[in-house]
Amino acid sequence: MAFFNENYTKLSESYLFATIEQRVSAYKKANPDKKVISLGIGDVTKPLPKTCLDAMHAAVDEMGHAETFRGYGPYEGYAFLRDAISEGDYKSRGIDIASDEIFVSDGAKGDTGNIGDIFAQDNIVAITDPVYPVYIDTNVMAHRTVKIIPCKEENGFAPLPPSFHADIVYLCSPNNPTGSVLSKPQLEAWVAYAKENQAVILYDAAYERFISEDGIPHSIFEIEGAKSCAIEFRSFSKTAGFTGTRCGYCVIPKDLMLTAGGETAPANKLWLRHQSTKYNGTSYIIQRGAAAIFTPEGRKEVTELIDSYRENARVIREGLLAAGFSCTGGVNAPYIWLKCPKGLTSWQLFDELLNKASVVGTPGAGFGEMGEGFFRLTSFGSHADTVEAVKRIEAAFH
Ligand code: PLP
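For the sequence shown, the working numbering gives the first residue as 10, with consecutive numbering after it.
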């Protein structure tokens, strides 16, 4: 019998969404007349922008003709998309990221999960709590030492550079689940930490498009010196409804060097080697759809899409505040992070919301120890459902 990777036995079982499902099913069975509204979903609900669809339809047609048919594409993505990203997401904002520093992928989950492959096993990894669980689980699978950076309410849930040494740090801004964002001075402190510790920052900016306030960095590469100590991840999932379509990218600057056994190697080259070995590229059709996001019409549609989720976030945030809850997020992120009232645990609040308002959210305990006492609501539902859910919460808790 072959041996399995024992590190998998060290993963904490995630019962979060299964438990939510069970409790919601039991409630529905007992209350068949009640309409349950979920503000717990992390998936988008609005269809793809028409510009993206048209581009994908055209690409499908190209696949049907010998002259325009495409087989295997470049591992790192087609030039038309990498150029559009370099120009549209970086150069237009004054950030100098070249096309050959961009690697197109099938989304940020795979990228943030797989990037560990280019790092040695004995690196010390720092991870925030509360957290998007992929960062922890993939490092447990790789048997790395993981140290936790607690993100506390008094700091607006921003992770502060720790007093301990780490070789790799995962940061997520705008943050899932807390909805917080890192300011420029906070990111500067992280880049200074990375320089001092010769560490690499893995910067997950999957929700970058939700930033609405001026002065908040959209990219870690807005910070001087970050190009030699950071990798950035982005996704079209929440930006343009690509959760099922699958496309994202990561940026690995050519200045970022890693070391082993007295030798140095560019992280960019190591990742290209990784992708060419383990990945055969994102589908041409999907990349055409993603490139359409960067056209004037695509931009307009994406802005409308994001604005509609932002409006939901505003409704939730203002409704909760009016109902006497304390909450953060929802301004630069699609997530609202709510403090459980009256000392309730996050699962107790889950039950109260379900029983009193027929509304479903996500208990903070599911995102790590520091998430206990908090609760995540999302703005990805329909507008009518969001308004109705908030009304019910106000009526039940005010
Ligand atoms: N990073 C964060 C912080 C997320 O919340 C998610 C999805 O929920 C992802 C990455 C994954 O995004 P993708 O759909 O691009 O894989």
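By construction, the Cβ of each residue, glycine as well, lies at the ideal position given by its N, Cα and C atoms. Since this is a predicted model, take the numbers as computed values, not measurements.
Reference residue i; option with closest CA among the options
i	options	result
R385	E327, L358 and V396	L358
Y81	T312, T291 and K348	T291
H26	L20, T154 and S34	The sequence given here has Phe at residue 26, not His. Per the Cα distances, S34.
I29	V45, E162 and Y202	V45
P262	G270, A269 and A274	A274
V190	A208, R401, A201 and Y212	Y212
D176	K247, S192, A269 and S367	A269
S367	G375, P171 and F406	F406
F376	D146, H174 and Y258	D146
N364	V200, N277 and Y36	Y36
P305	K156, C61, N16 and L196	C61
G373	G188, N132, T121 and D42	G188
W280	E241, V396, Y144 and E162	E241
I210	T371, E378, I229 and A93	I229
E231	E197, W356, L267 and S221	E197
S221	S192, A208, R243 and S237	S192
N247	A208, P183, G271 and R326	Going by the sequence as given, residue 247 is Lys instead of Asn. Of the listed residues, the one whose Cα sits closest to K247 is P183.
T286	E85, G103 and R243	E85
E403	L353, V324, A39 and V260	V324
R243	C259, G271 and A276	C259
M266	Y288, I294, N289 and S237	S237
L180	Y144, D109 and E163	Y144
K156	A167, P142, H174 and D360	H174
P194	P186, K351, A167 and E397	A167
E92	F78, A107 and G103	This sequence places Asp at residue 92; Glu is not what is there. Measuring from the Cα of D92, the nearest candidate turns out to be A107.
L347	D360, P83 and R326	R326
D63	G352, G307 and V134	G307
D109	R79, V369, A276 and N185	A276
A322	K351, K278, Y288 and D394	D394
G103	N289, E233 and V396	E233
T186	L362, G339, A398 and V399	Checking the sequence shown, residue 186 turns out to be Pro, not Thr. With distances taken between Cα atoms, P186 lies closest to G339.
T312	P58, V396, E397 and K38	P58
C-alpha gap between residue i and residue j, whole angstroms
i	j	result
I225	A342	12 Å
I169	C160	Per the sequence shown, the amino acid found at residue 169 is Leu instead of Ile. When rounded, the distance between both Cα atoms is 8 Å.
F383	D105	39 Å
I302	A11	46 Å
C256	I158	30 Å
H283	D70	31 Å
R401	S335	17 Å
V200	G380	26 Å
F128	E205	19 Å
T337	A75	54 Å
M65	A117	21 Å
G165	F245	27 Å
Y87	S23	36 Å
I124	C349	35 Å
S101	G122	29 Å
T154	L20	13 Å
A203	D131	17 Å
E310	I294	19 Å
V178	H227	18 Å
L48	T354	18 Å
D264	P171	25 Å
R32	K43	14 Å
G271	Q207	14 Å
P41	V369	16 Å
The ligand MN heavy atom lying under 7 Å from the CB of residue i
i	result
C181	Because the ligand MN does not appear in the structure shown, any question about it cannot be addressed here, the ligands present being the ligand PLP.
C-beta neighbour in chain B for residue i, strict 8 Å
i	result
K19	Protein chain content of the structure displayed is limited to a single chain, and chain B is not contained in it.
Suppose only complete runs of 4+ residues qualify. What are the alpha helix (DSSP H) ranges in the segment 287-318, listed by chain order?
The qualifying runs are 293-300.
Residue ranges of each alpha helix (DSSP H) run of no fewer than 4 residues wholly in the segment 210-260, ordered along the chain?
If we require 4 residues or more, the alpha helix (DSSP H) runs fully inside the segment 210-260 come out as 246-249.
Count Cβ pairs between the segment 52-62 and the segment 382-397 that sit closer than 8 Å; are there 3 or more?
With a cut-off of 8 Å on Cβ pairs, the segment 52-62 is in contact with the segment 382-397, counting three or more such pairs.
Segment contact, 8 Å Cβ cut-off, at least three pairs: the segment 293-304 with the segment 245-254:
Short answer: they touch.
Taking one C-beta from the segment 327-337 and one from the segment 307-317 each time, how about it: are there three or more such pairs within less than 8 Å?
Three or more Cβ pairs closer than 8 Å define a contact, and the segment 327-337 falls short of that threshold against the segment 307-317.
Does the segment 144-160 come within contact of the segment 112-119, defined as at least 3 CB pairs closer than 8 Å?
By the Cβ test, the segment 144-160 is not in contact with the segment 112-119, since fewer than three Cβ pairs between them sit closer than 8 Å.
At 4 residues or longer, and completely inside the segment 76-114: list those alpha helix (DSSP H) runs for me, N to C.
For the alpha helix (DSSP H) assignment, the uninterrupted runs of no fewer than 4 residues enclosed by the segment 76-114 are, from N- to C-terminal side, 88-94.
At which residue ranges does the segment 370-396 contain complete beta strand (DSSP E) runs of 3 or more residues, listed in the order of the chain?
Listed in chain order, they are 383-387.
Does the structure place the segment 342-352 close enough to the segment 212-220 that three or more beta carbon pairs sit under 8 Å?
Cβ pair count under 8 Å is three or more, so yes.
Please confirm if the segment 136-145 is in contact with the segment 78-97, defined as three or more CB-CB distances below 8 Å between the two stretches.
With a cut-off of 8 Å, the segment 78-97 and the segment 136-145 do not count as touching, because too few Cβ pairs lie within range.
What are the uninterrupted segments assigned as beta strand (DSSP E) that are 3 or more residues long and contained completely in the segment 112-195, given in chain order?
As far as the segment 112-195 is concerned, its whole beta strand (DSSP E) runs of at least 3 residues are 133-138, 154-159 and 177-181.
Would you list, in sequence order, the uninterrupted beta strand (DSSP E) runs of no fewer than 3 residues that lie entirely inside the segment 19-77?
With a minimum length of 3 residues, there is no unbroken run of beta strand (DSSP E) contained wholly in the segment 19-77.
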